[in-house]
Every structure is written in C-alpha cells, then in structure tokens.
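Below: the structure, in structure tokens.
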Amino acid sequence: MDAVGMRTIGGLLSDVSGNRSQAEAFFKREVQSLAEKVAKTAKPKLVDISLDVFGFSRGAAQARVFCNWLTALMDGDRLCGVRTRIRFLGIFDTVASVGIPDSVGGDGHFAWATPAALRVSSDVQCVHYIAMHENRASFPLDSLRGPDGNLPGNHKQYALPGMHSDVGGGYLPGTQGRGPSGQHDDMLSQIPLELMYNAARDAQVPLDRTQAKEGKYDPFNVHPDLRRAHAAFMQATPASATTAQWLMPYLAWRYQVRQVFATQLSWVARARDGAPKDVEDLAGANQTLLADIAALEGLTDEEIQRYENAARMSPTLYGGLAVGKAIRRATLADEAGDVLAFLKSHPVLATPENPENLTPQAYLFANYVHDSYAGFRPLDQPLAWAGCIDPVPRSWEIQGYLRYRRVYQGTGKPVTKAPPTERELIEAAQREQEALMQSMQNSVDLNKLFNAGW
Numbered sequence: 001m002d003a004v005g006m007r008t009i010g011g012l013l014s015d016v017s018g019n020r021s022q023a024e025a026f027f028k029r030e031v032q033s034l035a036e037k038v039a040k041t042a043k044p045k046l047v048d049i050s051l052d053v054f055g056f057s058r059g060a061a062q063a064r065v066f067c068n069w070l071t072a073l074m075d076g077d078r079l080c081g082v083r084t085r086i087r088f089l090g091i092f093d094t095v096a097s098v099g100i101p102d103s104v105g106g107d108g109h110f111a112w113a114t115p116a117a118l119r120v121s122s123d124v125q126c127v128h129y130i131a132m133h134e135n136r137a138s139f140p141l142d143s144l145r146g147p148d149g150n151l152p153g154n155h156k157q158y159a160l161p162g163m164h165s166d167v168g169g170g171y172l173p174g175t176q177g178r179g180p181s182g183q184h185d186d187m188l189s190q191i192p193l194e195l196m197y198n199a200a201r202d203a204q205v206p207l208d209r210t211q212a213k214e215g216k217y218d219p220f221n222v223h224p225d226l227r228r229a230h231a232a233f234m235q236a237t238p239a240s241a242t243t244a245q246w247l248m249p250y251l252a253w254r255y256q257v258r259q260v261f262a263t264q265l266s267w268v269a270r271a272r273d274g275a276p277k278d279v280e281d282l283a284g285a286n287q288t289l290l291a292d293i294a295a296l297e298g299l300t301d302e303e304i305q306r307y308e309n310a311a312r313m314s315p316t317l318y319g320g321l322a323v324g325k326a327i328r329r330a331t332l333a334d335e336a337g338d339v340l341a342f343l344k345s346h347p348v349l350a351t352p353e354n355p356e357n358l359t360p361q362a363y364l365f366a367n368y369v370h371d372s373y374a375g376f377r378p379l380d381q382p383l384a385w386a387g388c389i390d391p392v393p394r395s396w397e398i399q400g401y402l403r404y405r406r407v408y409q410g411t412g413k414p415v416t417k418a419p420p421t422e423r424e425l426i427e428a429a430q431r432e433q434e435a436l437m438q439s440m441q442n443s444v445d446l447n448k449l450f451n452a453g454w
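Per full-length UniProt numbering, residue 1 is the first one in the sequence shown, and the count goes up by one each step.
This is the structure:
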C-alpha cells in the first residue's frame with residue numbers, strides 16, 4: 001500500500017465521511033498507466049468493452065454507484081484508451097441503508113451511498129423493479145426518479161407485487177408456506193427474474209437461460225399457476241400509482257383477515273409441515289398488528305372491564321397497562337392513524353369466512369406474497385445479549401405494519417405520499433382532461449369535430 005500511496009485511513013474506498021479524493025486520485029493514475037500500456041500493445045487489440053451490471057437491495061445501490069464511479073474515470077467514451085460503454089443496468093428494489101438506517105433516525109445514505117452517488121446517468125439504459133408491498137422502516141426505497149419526480153431518459157421503473165425479496169433475491173421454496181406447489185418455480189420472485197432476463201436480452205445482453213439448466217432443473221421456470229395468479233392480480237391493479245396506493249390493498253387485506261390470519265389461511269398448514277418457526281413468527285407479528293390497532297382505537301369494553309378489575313386489586317398495575325397502550329401508540333409512525341382509517345374504508349378484498357379466494361389480490365397475498373415484517377426481527381440478537389429470554393412481541397421493528405414506505409428521489413429527504421383523497425382524485429382527473437382538451441385545441445378545431453359528430 002505504501003507503493004501506491006494508500007497507507008491512510010479509508011484505503012481504496014473512502015474515509016469514514018465518504019470523501020473519495022484519495023481513491024479517485026489513485027484510480028486516475030492507474031487508468032492513465034493502463035492506457036499507456038494498451039496503446040503500446042498491438043495484439044491482441046482491444047476494440048471495445050461492454051459492461052452489464054445487475055444488483056438487488058444494497059447490491060442495487062452498489063451497482064448504481066459503481067456505474068457512476070466508472071463513468072467518472074472515463075475520458076469521453078474511453079476507459080484506459082478503449083471505447084467503453086455501460087450497456088445495461090438491471091436492478092431490483094434499491095435499498096441503500098448504509099450507515100445509520102432510516103429505522104433508527106438516519107437515512108441510510110452514509111459514506112459511499114450518498115444521494116448524489118446513487119443518481120444514475122440518463123445515458124445508461126436502466127431497468128428497475130420495485131416492490132409494491134414492502135414497507136419496513138429499515139428498507140426505504142431509492143427510486144430512479146429525480147427530485148422533480150421525473151424519470152431520466154433511458155430509465156424504466158416498474159412496480160411488481162410482493163415484498164423486497166419477492167421482487168429480488170427470492171425466498172427458499174416453502175418459506176412461510178408460500179407457493180402452493182412447494183417448488184422453486186412457484187416462488188413469486190420467478191416473475192421479476194423472468195422480466196429482467198427479457199429486458200436484458202432486449203438490450204442485447206448475451207444471456208442464455210439454457211446454460212443455467214441442470215438436467216430437468218430450470219432456475220428460470222415459472223409455474224403456470226403462479227403465472228395465472230400474477231396476471232389476474234396485475235389485471236386488477238392500476239398501472240400507475242404512488243407507492244402508498246400500491247401498498248394499501250395488501251394492508252387492507254391484512255386488516256380484513258386479521259382475526260383468522262394465523263389460523264384459517266392455507267399457508268398455515270403448509271408452513272406447519274415445513275417451517276414451524278415461520279408459523280411462530282407470522283402469528284407473533286400478526287399479534288403485533290392487532291395490538292397496534294387496539295392501541296390506536298383505544299380501549300375496548302372488554303379491556304376496560306379487565307383493567308378496572310385489575311385496578312381494584314392493584315392501582316399500580318392499572319396505571320401500567322394504560323401507560324403501555326400510550327407507549328405503543330408513541331412508537332408507531334406518524335401516519336399510523338390515517339393508514340388505519342384508510343384500511344377501514346377500503347373496498348372488501350376478503351372476509352374472515354373467505355380470506356383468500358374472494359379476489360385476485362387476496363389469492364396472491366395469501367399464497368405467494370411473503371410477510372417480510374414477520375420474518376425480520378432485528379432486535380432478537382441484541383435482546384438475547386441483554387439476557388431477555390422471550391423478546392416477543394417487540395423484537396420486530398417498532399413501527400409495525402401501519403406505515404407508508406419511505407421513498408428517496410435523489411435527495412436525502414424521504415418522500416411519503418399518502419393515497420389521494422376522493423377530492424384530489426377528481427381534481428387530478430379534471431386537470432388531465434383540461435390538458436388533453438388544450439393539446440387537442442392546439443392542433444384541431446374542436447367545434448368542427450364535435451359538429452361533425454365525432
């Protein structure tokens with residue numbers, strides 16, 4: 001390291017504040033040195049270099065930053081004297097969460113993952129698949145959209161059903177009892193995998209899925225039942241919406257089946273046979289949802305009676321129970337009450353008597369979409385270190401289910417968009433109609449068209 005002048009804090013990456021000046025200086029020297037060597041080499045002759053970059057979650061954040069850092073080292077379209085291009089960038093549900101995460105007061109854009117470093121150049125052909133139904137506090141989304149809310153040229157961003165790992169990475173077959181067949185091709189993540197493969201092929205990326213086969217095993221295969229369930233769901237879902245709008249049907253379904261979620265859905269039997277720990281996690285997380293709803297709604301008549309009885313025996317206990325509800329409310333997201341009110345008014349997707357077959361949404365949620373909140377217990381280990389034998393029910397993220405997913409759009413300030421009110425929807429439709437009429441007025445005489453009976 002002494003020979004290349006890197007014997008200082010941070011090495012080739014950066015110092016702890018994200019300052020990359022020494023790394024940039026090192027790489028620029030090396031690029032220049034390689035360019036001189038390439039220029040002196042007649043054979044083999046490097047004609048051009050095409051790079052295809054893929055990533056999921058924090059790997060997607062790394063892929064975005066890598067493309068920017070590489071581009072910064074290029075001289076026009078040349079890298080080390082060779083014509084170079086980033087042909088395709090394919091990413092799944094970007095979550096930076098570098099340094100102090102969003103869930104504990106940070107924004108996850110520490111060191112190398114600054115908002116500026118995550119912005120993808122409009123020159124790069126990029127496809128980004130994001131998760132409709134993820135909303136954990138520790139997994140905010142870094143959208144491709146800029147601060148103005150617009151997508152740069154050459155960028156496409158699509159929302160797909162499921163949680164963070166339903167869209168990228170995937171779960172093992174049988175996890176949480178999802179995937180009725182129990183096979184890998186019945187996992188929801190097979191759909192985004194297939195879509196990304198096709199998008200990459202369209203961009204001339206030389207992928208060949210036949211080379212991934214091992215005997216009869218095809219890692220790209222999609223079960224026909226999953227394909228039908230996914231198609232039915234997408235048919236019932238608006239093509240354009242905010243992240244909050246896409247999220248609400250899942251939370252509404254969870255609210256509508258909350259009393260039978262851990263007992264009467266088909267996943268319970270499948271998980272009990274293959275993954276009993278999943279049953280415990282899912283049931284426990286559902287109890288957290290019930291408790292959060294109760295905390296927001298206040299005390300029920302039954303609870304009031306129970307607490308009054310307890311108060312007669314121990315005033316201290318009564319006060320503790322009341323304070324416990326207040327503390328639970330205080331840990332929820334600011335919008336929790338609004339989310340709950342929205343869920344109560346949401347159209348019926350399922351009932352306790354028919355929790356998973358009433359609508360396409362209910363069927364997909366019950367059989368294919370995992371519960372990422374239930375499977376993510378970040379406080380288990382710290383609580384175990386502290387000597388807590390049973391950390392339930394607060395070993396999960398404290399904000400629970402009743403929140404919107406935070407979205408970053410090129411800055412360090414998250415965007416939280418609630419579903420629009422009925423009035424806002426009407427006003428938006430009126431604006432769109434006025435714009436349409438104005439564009440038509442600019443090109444044709446509307447009176448003549450209407451008079452002609454068009």
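Idealized CB from N, CA, C, for every residue including glycine.
Quick caveat: nothing in here was measured; it's all calculated off a predicted structure.
Note to self: Give me, in chain order, the residues of the same chain whose beta-carbon lies closer than 6 Å to that of Ala63; leave out the 5 immediate sequence neighbours on both sides.
What the structure shows: Indexing the sequence shown from 1 puts residue 63 at position 63. So the list reads Val53, Gly55 and Ile91, once near-sequence residues are dropped.
Item checked: Range covered by the beta strand (DSSP E) that runs through Ala131 -> Within the sequence shown, numbered from 1, the residue matching residue 131 stands at position 131. Cys126 to Ala131 is the extent of the beta strand (DSSP E) around Ala131.
Next item on the list: Please check the pair Pro161 and Val369, which I expect to be a contact at CB under 8 Å, by giving their CB distance rounded to whole angstroms.
Entry: Start at 1 with the first residue of the sequence shown, and residue 161 comes out as number 161. Start at 1 with the first residue of the sequence shown, and residue 369 comes out as number 369. Contact flag correct, Cβ pair sits at about 6 Å.
Check: With 16 other CB atoms within 10 Å as the buried threshold, where does Arg20 fall?
Finding: Reading the sequence shown from its first residue, position 20 is the one you call residue 20. Arg20 is buried by the Cβ-count criterion.
Check: Short check: CB of Ile100 to CB of Val124, under 8 Å?
Finding: Here residue 100 refers to the residue found at position 100 of the sequence shown. Here residue 124 refers to the residue found at position 124 of the sequence shown. Their beta carbons are not under 8 Å apart, which means Ile100 does not touch Val124 by this criterion.
Notebook entry, point to check: Applying the criterion that 16 or more other CB atoms from any shown protein chain within 10 Å of the CB defines a buried residue, is Gln176 buried or exposed?
Noted result: As a working note, residue 176 is residue 176 in the sequence shown. Result: buried.
Item checked: residue 460 versus Gly108 - alpha carbon distance -> The chain is shown only over 1 to 454; residue 460 falls outside these bounds and no answer can be derived.
Next item on the list: Spell out the partners DSSP gives residue 462 in its beta bridges.
Entry: With the chain covering 1 to 454 only, the question about residue 462 has no answer from this structure.
Note to self: Are the CB atoms of Leu141 and Leu151 within a distance shorter than 8 Å?
What the structure shows: As a first step, residue 151 is located in the sequence shown; it is residue number 151 there, counting from the start. As a first step, residue 141 is located in the sequence shown; it is residue number 141 there, counting from the start. No.
Check: Between Ala330 and Leu402, what straight-line distance do the alpha-carbon atoms span, to the nearest angstrom?
Finding: If you number the sequence shown from 1, residue 330 lands on position 330. If you number the sequence shown from 1, residue 402 lands on position 402. Each residue's Cα considered, the two are about 13 Å apart.
Margin query: Rounded to the nearest angstrom, what separates Val167 and Asp93 at their Cα positions?
Written below: Here residue 167 refers to the residue found at position 167 of the sequence shown. Here residue 93 refers to the residue found at position 93 of the sequence shown. Approximately 7 Å between the Cα atoms of the pair.
Check: Are the Cβ atoms of Pro61 and Ala96 separated by less than 8 Å?
Finding: The sequence position of residue 61 within the sequence shown is 61, counting from 1. The sequence position of residue 96 within the sequence shown is 96, counting from 1. This sequence places Ala at residue 61; Pro is not what is there. Cβ distance < 8 Å, so Ala61 and Ala96 count as in contact.
Checklist line | chain D within 8 Å of Ala362, Cβ atoms only | finding: Absent from the structure: chain D. Only one protein chain is present.
Item checked: Contact set for Phe139: own chain, Cβ-Cβ below 6 Å, skip 5 residues either direction -> Within the sequence shown, residue 139 is the residue found at index 139, counting from 1. Correct list, in chain order: Val95 and His164.
Checklist line | Best match in Glu36, Ala159, Arg119 and Thr359 for proximity to Ala229 [C-alpha to C-alpha] | finding: Locating residue 229 in the sequence shown gives position 229, counting from the first residue. Nearest option by C-alpha distance: Thr359.
Margin query: Between Leu89 and Val120, how many whole angstroms is the CB-CB distance? I'm expecting something under 8 Å.
Written below: Working through the sequence shown from its first residue, we reach residue 89 at position 89. Working through the sequence shown from its first residue, we reach residue 120 at position 120. Yes, Leu89 and Val120 are in contact; Cβ-Cβ is about 7 Å, under 8 Å.
Note to self: Please give me, in chain order, every unbroken run of the beta strand (DSSP E) with length at least 3 that falls completely inside the region 125–208.
What the structure shows: 126–131 and 155–160
Next item on the list: Please say whether Thr411 and Pro115 have beta carbons closer to each other than 8 Å?
Entry: Position 115 of the sequence shown, counted from the start, is the residue given in the question as residue 115. Position 411 of the sequence shown, counted from the start, is the residue given in the question as residue 411. Cβ atoms of Pro115 and Thr411: closer than 8 Å.
Margin query: Does the contact criterion of 3 or more C-beta pairs under 8 Å hold for the region 170–190 versus the region 216–227?
Written below: yes
Notebook entry, point to check: Any idea what DSSP makes of Thr263, helix, strand or coil?
Noted result: Here residue 263 corresponds to residue number 263 of the sequence shown, with the count starting at 1. Here Thr263 sits in coil by DSSP.
Notebook entry, point to check: Alpha carbon to alpha carbon, how far is Phe83 from Asp48?
Noted result: The count along the sequence shown starts at 1 and reaches residue 83 at position 83. The count along the sequence shown starts at 1 and reaches residue 48 at position 48. For the record, residue 83 in the displayed sequence is Arg; it is not Phe. Roughly 5 Å between the two C-alpha positions.
Item checked: Status (buried if at least 16 other CB within 10 Å, exposed otherwise) for Val348 -> Along the sequence shown, one-based indexing puts residue 348 at 348. By the 10 Å Cβ count, Val348 comes out exposed.
Notebook entry, point to check: With respect to the alpha helix (DSSP H) encompassing His230, which residues constitute its N-terminal and C-terminal limits?
Noted result: For the purposes of this step, residue 230 is identified with residue 230 of the sequence shown, where counting begins at 1. Pro224 to Gln235 is the extent of the alpha helix (DSSP H) around His230.
Checklist line | Ala236 and Gln32 closer than 8 Å at C-beta | finding: Numbered from its first residue, the sequence shown carries residue 236 at position 236. Numbered from its first residue, the sequence shown carries residue 32 at position 32. Not in contact: Ala236 and Gln32 (Cβ atoms no closer than 8 Å).
Next item on the list: For Ser181, count neighbouring Cβ atoms within 10 angstroms of its own Cβ and tell me buried if that reaches 16, exposed if not.
Entry: In the sequence shown, the residue the question calls residue 181 occupies position 181. By the 10 Å Cβ count, Ser181 comes out exposed.
Margin query: Using C-beta distances below 8 Å, list every residue in its chain close to Leu79, excluding the 5 sequence neighbours before and after it, in chain order.
Written below: As a working note, residue 79 is residue 79 in the sequence shown. Around Leu79: Val31, Ile49, Leu70 and Leu73.
Next item on the list: Can you check DSSP and say which residues form a bridge with Leu343?
Entry: Here residue 343 refers to the residue found at position 343 when the sequence shown is read from its first residue. Beta-bridge pairing links Leu343 to no other residue.
Notebook entry, point to check: When the distance is taken between beta carbons, is Tyr129 closer than 8 Å to Leu195?
Noted result: On the sequence shown, residue 195 is found 195 positions in, with the first residue counted as 1. On the sequence shown, residue 129 is found 129 positions in, with the first residue counted as 1. Yes, the pair counts as a contact, with Cβ atoms nearer than the cut-off.
Check: His133 to Arg227, Cα distance in whole Å?
Finding: By one-based count along the sequence shown, residue 133 stands at place 133. By one-based count along the sequence shown, residue 227 stands at place 227. Going by the C-alpha atoms only, they are around 18 Å apart.
Check: If we count the other Cβ atoms within 10 Å of its Cβ and call it buried at 16 or more, is Thr316 buried or exposed?
Finding: To locate residue 316, count along the sequence shown from 1; it is residue 316. Note that Thr316 scores a pLDDT of 48, beneath 50, so its modelled location is shaky and nothing firm can be said.
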